[in-house]
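Visitor: Counting from 1, one number per residue, gives the positions in the sequence shown under full-length UniProt numbering. Quick one: the structure is below, questions incoming.
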Amino acid sequence: MTAAAYGRTAFYKDLEPGKSVEGADSVGREAAEEEITASVKRLANAGEAV
Numbered sequence: 001m002t003a004a005a006y007g008r009t010a011f012y013k014d015l016e017p018g019k020s021v022e023g024a025d026s027v028g029r030e031a032a033e034e035e036i037t038a039s040v041k042r043l044a045n046a047g048e049a050v
């Protein structure tokens, strides 16, 4: 499943020098895809366009 599957494009950029990201937990691909699917379902159930 990709961002394009939902009609969206993902953009990424490098961190600026001297900056960092803290507190992010990595999960496997399957867990990430399950969360995306669940999030899209919650949005649809809330009456929003997907």
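We put the beta carbon where it would ideally sit given N, CA and C, even for glycine.
Using CA atoms only, rank isn't needed, just tell me which of G18, E35 and S39 is closest to S26.
Guide: Ranking G18, E35 and S39 by Cα distance to S26 puts E35 first.
Visitor: Using C-beta distances below 8 Å, list every residue in its chain close to V21, excluding the 5 sequence neighbours before and after it, in chain order.
Guide: Result list for V21: L15, in chain order.
Visitor: Could you please give the first and the last residue of the uninterrupted alpha helix (DSSP H) stretch that includes V27?
Guide: Looking at the DSSP string, V27 is not in any alpha helix (DSSP H), and its letter there is neither H nor E.
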